[in-house]
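Protein sequence lines correspond, in order, to chains S and R.
Quick note on the working numbering: the first sequence kicks off at 3 and runs consecutively.
Quick note on the working numbering: the second sequence kicks off at 26 and runs consecutively.
Every residue gets a Cβ at the ideal spot worked out from N, C-alpha and C, and that includes glycine.
Quantities reported herein were computed from a predicted structural model and do not represent experimental measurements.
Input: a single structure, listed below in structure tokens.
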Amino acid sequence: MSPIINLLIFGGLAVAMLIMSVMAITTKSLLRSATYLLLTLICTAGFYLFLNYHFLAAVQVSVYAGGVVVLFVFAIFLTTKKDEVLVKHEYRRYVYGALIALVGIGLVAYTILKTKFIYAANPSMEGDAQLSMADIGTALMGTGKYQFLLPFEMLSLLLLAAIVGGILIARKDKKHGEKEESQY
Amino acid sequence: MIKLEYYLIVSTLMFFIGIFGFITRKSMIAILISLELVLNAVEINFAAFNRYLFPEQMEGMFFTIFGIAITAAETAVALAIIINAYRLIGDININDATKMKG
């Protein structure tokens, strides 16, 4: 692709992503908020495609769009009543939030723009330079240098703990068990 | 040519949009959504640094994958806590959640 088209696509994705993020935190309906979060995450998957990490984009879409956002939607259905006004106007909180955000953006943007990054000689952004699944699998399942079996196993333990914890927390209470069934 | 700084600026903006939402929203689920935005911005940074500065290695990509998985686990537990809090106090507004024990 030509550089200008690349830049246009990148700019479109970035603008869409930022608008969706702002909508996700400003809209009053929680369900809309979750939908905008989903769109933000899909735009992020577009970023990963742009960076030539195809596997990462697939993981992003399947885990976030397939897992996290669905969890959010279920939780919103289970906890939100009708006609609930979620954002009350508390201006002090808005002022503090905007102040912290603006100061933070200024500080971090200044640091980023001031830093001289040493680019790699060939970032391999173009064409078929993407990682092969065989390489990813080997790196994920090996115990050698630059291989990731230990974090992988730790992650499986963490997910087990999350499953057990989720069931333990959200199950119905035995003493006053008149509520409905557990959700997960 | 898209530079690394563009990715970093976009993810910075997204990070602080998430921070703003984290501070201003009242509903626990909305706070969790803001947290997702923050984590997502961080993961963009991992991938962009990996691709631009060390393209022959895969650490950034794997940290992004592990980050996504940890985020999923964290969201599941947090939503379980929120549902439990809803059962106890009948609302998910953080101002109503003044007692943390059952």
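Just confirm the distance between the C-beta atoms of residue i and residue j, as a whole number of angstroms; I'd bet it's less than 8 Å.
i	j	result
R:A73	S:L53	6 Å
R:A97	S:V65	6 Å
S:F150	R:F87	5 Å
S:G168	R:I44	Not really, about 26 Å apart at Cβ, beyond 8 Å.
R:T89	S:R95	The pair is not a contact, with the Cβ atoms about 32 Å apart (cut-off 8 Å).
So is residue i buried or exposed if we call it buried at 16+ other beta carbons inside 10 Å?
i	result
S:A60	exposed
S:M19	buried
S:F49	buried
S:Q62	buried
S:P5	exposed
R:Y63	Residue identity differs from the one stated: residue 63 of chain R is Val in this sequence, not Tyr. Flag for R:V63 reads buried.
S:G68	exposed
R:A110	buried
S:Y55	buried
S:S31	exposed
R:T100	buried
DSSP three-state label for residue i, please.
i	result
R:N128	No answer is possible for residue 128 of chain R: it lies beyond the span of chain R, which begins at 26 and ends at 127.
R:S52	strand
S:N8	helix
S:A164	helix
S:Y148	coil
S:A123	coil
S:K83	coil
R:T100	helix
S:Y55	coil
R:M26	coil
S:R34	helix
R:G130	Given that chain R is displayed from residue 26 to residue 127, the structure contains no residue 130 of chain R and the question cannot be resolved.
S:E92	coil
S:T29	coil
S:K118	coil
R:E81	coil
R:R76	helix
To which residues of the same chain is residue i closer than 8 Å at the C-beta, ignoring the five residues directly before and after it?
i	result
R:I119	K51, S52, M53, I56
R:N70	Y32, L33, S36
S:T145	L151, L152
Quick one: does the C-beta of residue i sit closer than 7 Å to a heavy atom of the ligand ADP?
i	result
R:A98	Of ligands this structure carries none, so the ligand ADP is not represented either.
Quick one: residues in its chain with C-beta nearer than 7 Å to the C-beta of residue i, no 5 flanking neighbours on either side, listed in chain order?
i	result
R:A103	L57
S:L41	M22
S:S158	none
R:D121	I114
Give the interface partners of residue i over in chain A, defined as CB-CB distance under 9 Å, in chain order.
i	result
S:R94	The chain inventory of the structure shown lacks chain A, comprising the protein chains S and R.
So, at 6 Å on beta carbons, what are the nonlocal neighbours of residue i in its own chain, with the 5 sequence-adjacent residues on each side left out?
i	result
S:A47	A59, Q62, V63
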